[in-house]
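To keep things clear, I will list the structure first and then write my remarks on it.
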Amino acid sequence: MPDPNDPQDLAEFQHAVRDTAYFLWEQAGRPEGRPDEFWFQALEIHLRSRAYSHWLREQKVDPEPRAEERSKEPYGAIEDGALDDDEAMRMAESIEEERDA
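Counting in UniProt numbering, the sequence shown runs from 1 upward without gaps.
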């Protein structure tokens, strides 16, 4: 009997692994006789992704920036012209100060 908590028993999970394995196999030039290599590589990719998602939920980390953070304007107004050295240094220092605050 399949364990409902085991991600490898979920049909959707196995379908995603199969699709990724096929993609990896195609990217490698469709070599003969190595299906397990691509299956296990795809399985590892998906298990790591699930583990990371689980870790994010445990940490209560929001992978998406908040709306107010996304709407911030970039540092300084850089138009068609390049920044001169003094402007670039001031901008870098202000970014570092904000980061360290």
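Beta carbons are placed, not taken as given, at the ideal position from N, Cα and C, and that holds for glycine.
Drop a sphere of 10 angstroms on the beta-carbon of residue i, count the other beta-carbons inside from all chains shown, and report buried for 16 or more, exposed for fewer.
i	result
T21	The residue asked about is misnamed: residue 21 is Ala in this sequence, not Thr. The residue is buried, with at least 16 neighbouring Cβ atoms inside 10 Å.
F23	exposed
F40	exposed
M1	For M1, the predicted model reports a pLDDT of 45, less than 50, meaning its position is unreliable; a value from the coordinates is still stated below. Answer is exposed; the Cβ neighbour count stays below 16.
Straight-line CA distance for residue i to residue j?
i	j	result
G33	D100	53 Å
L10	L43	13 Å
Q59	R48	16 Å
D36	W25	10 Å
S94	E12	47 Å
R30	R90	52 Å
A16	A92	42 Å
W55	R18	24 Å
A28	R57	34 Å
Starting from residue i, trace the alpha helix (DSSP H) in both directions and tell me its first and last residue.
i	result
L43	35-59
Under three-state DSSP, which class holds residue i?
i	result
E32	coil
L24	helix
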